[in-house]
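Chains A and B supply the protein sequences, listed in that same order. Residue numbers for the first sequence follow our numbering, so the first one is 1 and each next one is one higher. Residue numbers for the second sequence follow our numbering, so the first one is 211 and each next one is one higher. Note that CB positions come from ideal geometry on N, CA and C, so glycine has one too.
Protein chains: 2
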Amino acid sequence: MTEKAVPDIVVGRLPVYLRILNYLIDEGRYITSSQELGDRLGISSAQIRKDLSHFGEFGKQGTGYDVMFLRDQLQKILHVDRRWSVVLVGAGDLGHALAHYRRFNDAGFDVVGVFDSDPQKIGQQFGKYMIQDVSTMGEVIQEHKVKMGIIAVPPAAATEVAKEMIKLGVVSILNYAPVTIMVPLGVRVQYIDPVVHLQHMAYYHNEEAL
Amino acid sequence: MTEKAVPDIVVGRLPVYLRILNYLIDEGRYITSSQELGDRLGISSAQIRKDLSHFGEFGKQGTGYDVMFLRDQLQKILHVDRRWSVVLVGAGDLGHALAHYRRFNDAGFDVVGVFDSDPQKIGQQFGKYMIQDVSTMGEVIQEHKVKMGIIAVPPAAATEVAKEMIKLGVVSILNYAPVTIMVPLGVRVQYIDPVVHLQHMAYYHNEEAL
Chain A
1 MTEKAVPDIV VGRLPVYLRI LNYLIDEGRY ITSSQELGDR LGISSAQIRK
51 DLSHFGEFGK QGTGYDVMFL RDQLQKILHV DRRWSVVLVG AGDLGHALAH
101 YRRFNDAGFD VVGVFDSDPQ KIGQQFGKYM IQDVSTMGEV IQEHKVKMGI
151 IAVPPAAATE VAKEMIKLGV VSILNYAPVT IMVPLGVRVQ YIDPVVHLQH
201 MAYYHNEEAL
Chain B
211 MTEKAVPDIV VGRLPVYLRI LNYLIDEGRY ITSSQELGDR LGISSAQIRK
261 DLSHFGEFGK QGTGYDVMFL RDQLQKILHV DRRWSVVLVG AGDLGHALAH
311 YRRFNDAGFD VVGVFDSDPQ KIGQQFGKYM IQDVSTMGEV IQEHKVKMGI
361 IAVPPAAATE VAKEMIKLGV VSILNYAPVT IMVPLGVRVQ YIDPVVHLQH
411 MAYYHNEEAL
């Protein structure tokens with residue numbers, strides 16, 4: 001096991017493999033193959049075998065993968081065989097959807113606090129959360145040993161929020177604000193921007209056909 | 211210009227360049243450099259120059275890029291120098307946030323209809339939209355010449371919705387449902403799954419430090 005050497009792009013596919021394994025378990029399946037996984041994910045079975053080979057031997061030649069075993073192993077590799085506490089900053093529409101996104105909970109991610117800097121929002125009920133003052137985020141982070149944060153604030157505020165999170169010990173940030181955030185070594189940011197995806201696909205539209 | 215030959219990963223970075231150029235314009239800037247863009251995006255200036263070189267010559271040696279010119283060119287290249295009509299299927303929490311996401315509008319993407327299959331939801335007001343029966347989606351798609359769709363339904367329904375969209379002429383799908391969708395040649399799907407991002411980052415957490 002040389003986890004350190006695994007390319008990030010391979011790591012990024014593991015959650016997708018984990019997702020399909022969970023569906024197979026829901027379907028009552030016990031055994032699968034790289035062929036079936038590949039077919040259901042639209043990638044080659046060779047790619048899947050190669051990706052998994054970075055982490056060990058999970059299947060026997062000719063008998064395929066034990067679905068639950070592989071699921072459990074991937075959960076361990078990804079460190080998601082445990083629960084993670086997450087703080088969420090930004091109590092807007094998007095923040096509301098994220099705070100109550102059931103799949104976070106199903107996957108072991110618990111939003112332990114929702115924060116905003118708007119005095120009009122602080123103290124308000126927000127679905128099952130109460131919106132807290134972002135300046136008090138440190139207490140919650142400390143109490144729950146939070147290492148992960150989600151940013152759903154307007155672009156102008158995102159860098160400041162990220163800095164504060166990092167100062168308080170957060171090392172993984174999921175950033176919905178449409179800005180690039182510079183972070184120190186050891187801190188990771190992943191970005192979700194639906195506009196980027198739509199524009200990316202627009203490139204391939206044949207203008208003549210429109 | 212050999213657009214066909216441009217690697218998809220390069221195309222995927224153009225919207226991010228476009229985003230930063232728009233910020234520079236908002237800041238009142240007229241000239242920028244690959245160095246500045248790189249610094250603000252956390253990538254190398256060489257990468258930016260190489261990416262842009264696929265599409266032509268946008269800057270002069272030593273004088274940098276004209277911000278507005280480069281912005282306009284990127285918009286043309288991405289086919290986002292026009293407005294796009296988009297249908298949205300799935301009138302849940304996430305669908306609500308997406309239907310009212312201001313940046314879609316700012317970027318030229320107009321959600322022209324919100325659809326669901328739940329009889330309890332159909333006909334209900336949904337912010338500024340009225341939820342329509344997904345079985346009537348064809349009329350809206352035809353009327354607005356819709357080529358893009360957003361899926362925000364539960365995983366079990368996503369494949370069916372995608373099939374229907376594609377049958378009706380949609381060729382670009384932004385899929386928020388946590389399932390992989392198989393599509394015919396000529397149709398593109400991009401995925402947004404925040405759980406995948408959190409799990410991806412969890413991999414890098416040092417367990418000893420927890």
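- In the structure shown, Q271/B falls within a coil segment according to DSSP collapsed to helix, strand and coil.
- Below the 8 Å Cβ cutoff, chain B contributes P404, H407, L408, M411 as neighbours of L174/A, in chain order.
- Out of M358/B, D303/B, G300/B, V363/B, the CA that lies nearest to the CA of H197/A is found in M358/B.
- Interface annotation, H100/A: in contact with chain B, CB-CB separation under 8 Å.
- At a cut-off of 8 Å, the C-beta of T180/A has a neighbouring C-beta in chain B.
- In this structure, I235/B lies near R281/B, with their beta-carbon atoms less than 8 Å apart.
- Nearest C-alpha to R102/A among I219/B, P404/B, P217/B, A412/B: P404/B.
- Bridge partners of N175/A according to DSSP: I151/A, Y191/A.
- Collapsing the DSSP output to three states places V86/A in a strand.
- Secondary structure at Q124/A: coil, using DSSP grouped into helix, strand and coil.
- Under the 8 Å criterion on CB atoms, L94/A is classed as interfacial with respect to chain B.
- Under the three-state reduction of DSSP output, F265/B falls in the coil class, being neither helix nor strand.
- In the structure shown, the three-state DSSP call for G323/B is strand.
- Under the 8 Å criterion on CB atoms, L21/A is classed as non-interfacial with respect to chain B.
- In this chain, the alpha helix (DSSP H) harbouring D8/A covers 8 to 26.
- F115/A does not reach chain B, its nearest Cβ partner there being about 18 Å away, counting only Cβ pairs nearer than 7 Å.
- Straight through space, the alpha carbons of D328/B and V296/B are spaced by roughly 20 Å.
- In this chain, the beta strand (DSSP E) harbouring M130/A covers 129 to 133.
- Just so you know, the alpha carbons of L304/B and T273/B end up roughly 45 Å apart.
- The residues L88, V111, V114, F126, G127, Y129, in chain order, have a CB closer than 7 Å to that of A99/A in the same chain once the five nearest residues on each side in sequence are set aside.
- Membership of K286/B in the alpha helix (DSSP H) is indicated by the continuous run 277 to 287.
- DSSP places T369/B in the helix class (H, G or I) of the three-state scheme.
- Counting along the chain, R239/B sits inside no alpha helix (DSSP H), nor does DSSP assign it H or E at all.
- Secondary structure at L378/B: coil, using DSSP grouped into helix, strand and coil.
- Using a CB distance below 9 Å, the part of the segment 146 to 161 of chain A facing chain B consists of K147, M148, I150, P155, ordered along the chain.
- Residues of chain A whose Cβ lies closer than 7 Å to the Cβ of Y414/B are, in chain order, R188.
- The segment 275 to 289 of chain B and the segment 225 to 234 of chain B touch, with three or more beta-carbon pairs separated by less than 8 Å.
- Around the CB of L174/A, 16 or more other CB atoms lie within 10 Å, so the residue is classed as buried.
- Leaving aside the five residues that flank S254/B on each side, the residues in its chain whose CB is nearer than 7 Å to its CB run, in chain order, G248.
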